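Report on one structure; see the data block that follows.
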Amino acid sequence: MTLELAKELAKNEIDKSNIIVVTSDNAIYMLNDNAEIEVIKNHAELNKLEMFVVKSVDVIEEKPKKKK
């Protein structure tokens, strides 16, 4: 999955929350604050998913994981 695809998946939800996170299993999370991003990040790591912050109140840069 790419950031562009994540943005496309979340386009209908983009105005419903201040923070939107999409994972590679096509789940869309509408969060209230940046602290909740860590919870989704842990979930993504445990399940070997990619995570994309589509919309945020702060600029957050996620480095894509390299697949072996």
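The opening residue of the sequence shown carries number 143 in our numbering; numbering runs sequentially from there.
Just so it is clear, CB atoms sit at the ideal spot from N, CA and C, and this is done for glycine as well.
If you're wondering where the values come from, they're calculated on a predicted model, not measured in any experiment.
1. If I follow the unbroken alpha helix (DSSP H) through Lys-197, where does it start and stop?
2. Out of Met-143, Ser-166, Asp-167 and Leu-173, which has the shortest C-alpha to C-alpha gap to Lys-197?
3. Can you look up Ile-170 in the DSSP assignment and give me helix, strand or coil?
4. Using DSSP with H/G/I as helix, E/B as strand and the rest coil, what is Ile-161?
5. Let me make sure I understand the geometry here. Which of Val-164, Lys-158 and Ser-159 has the alpha-carbon closest to that of Glu-146?
With the structure as the only source:
1. Residue 197 sits at position 55 when you count from the first residue of the sequence shown. Careful: Lys-197 lies outside any alpha helix (DSSP H), inside the beta strand (DSSP E) at 193–197.
2. Residue mapping note: residue 197 aligns to position 55 of the sequence shown, counting from 1. Per the Cα distances, Leu-173.
3. Mapped onto the sequence shown, residue 170 falls at position 28. Strand, per DSSP.
4. The residue labelled residue 161 in the question sits at position 19 within the sequence shown. The answer is strand: DSSP assigns Ile-161 an E or B state.
5. Stepping through the sequence shown from its first residue, residue 146 is reached at position 4. Minimum Cα distance to Glu-146 is reached at Val-164.
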